[in-house]
Amino acid sequence: MDSMVKLFIERAKNELKIDEVLLRLSEDNSTKKTFAVKENMTFYSGTITHAYYCIFYSAKAILATKNIKTGAPEIHKKPFDSFKKHFVDTGIIDAELLKIYRSMIIRADDLLEIFSIERPNGETSPIIPYTAGK
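If you count the sequence shown from 1, position 120 lands on 120 in the numbering used here, and the numbers rise without skipping.
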């Protein structure tokens, strides 16, 4: 397996694992006690972000299997568009996966909007600078 494919798969696995950890921390009071987290605290925004990155790195991995490279500028737009063009539009991958990918982009983009409102200095988090389908 190509080293870039392996790298993207490992990144996707890491994002999925931290997503699972944050979800558990959000929902399990005994875990909250272990980490001295207040019972009313949740980390769902983090789970959305990490779920998006799991999908993003998975898309980058499958693109890398066909030697399709994506990068700056439009670091998040290019993988989405290439995934659609080379795997969904050709029928290799079910269009339902593209819908999931798009919905995660939209959710993460919504979080960017919330973060820009919440941050007093107006800085935004560099989660997703692109919204597919808007």
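We put the beta carbon where it would ideally sit given N, CA and C, even for glycine. As the structure is a prediction and not an experimental result, all values here were calculated from the model.
Helix, strand or coil for isoleucine 75? Go by DSSP, reduced to three states.
DSSP places isoleucine 75 in coil when its eight states are reduced to three.
Taking just the CA atoms, how far does arginine 102 sit from lysine 78?
Cα-Cα distance, rounded: 13 Å.
Going by the beta-carbon positions, is the gap between serine 58 and threonine 70 smaller than 8 Å?
Not closer than 8 Å, so no.
Taking DSSP as the reference, what is the three-state secondary structure of phenylalanine 137?
The first residue shown for the chain is 1 and the last is 134, placing residue 137 beyond what the model contains.
If you compare alpha carbons, which of Thr65, Lys33, Ile18 and Asp28 is closest to serine 45?
Among Thr65, Lys33, Ile18 and Asp28, the Cα nearest to that of serine 45 belongs to Ile18.
Under the three-state reduction of DSSP, which class applies to methionine 104: helix, strand or coil?
Of the three classes helix, strand and coil, the one that applies to methionine 104 here is helix, per DSSP.
Tell me the DSSP secondary structure of aspartate 19 in three-state form.
Helix, per DSSP.
Round the Cβ separation of threonine 34 and arginine 24 to the nearest angstrom and send it over; I've been treating them as touching at under 8 Å.
No, threonine 34 and arginine 24 are not in contact; Cβ-Cβ is about 11 Å, not under 8 Å.
In this structure, how does DSSP classify threonine 90 when only helix, strand and coil are distinguished?
Here threonine 90 sits in coil by DSSP.
Count the other C-beta atoms from every protein chain shown that fall within 10 angstroms of the C-beta of threonine 49, then say buried if there are 16 or more, exposed otherwise.
Threonine 49 should be labelled buried.
Please confirm whether valine 21 has its beta-carbon closer than 8 Å to some beta-carbon of chain B.
Among the chains of the structure shown, chain B does not appear; only one protein chain is present.
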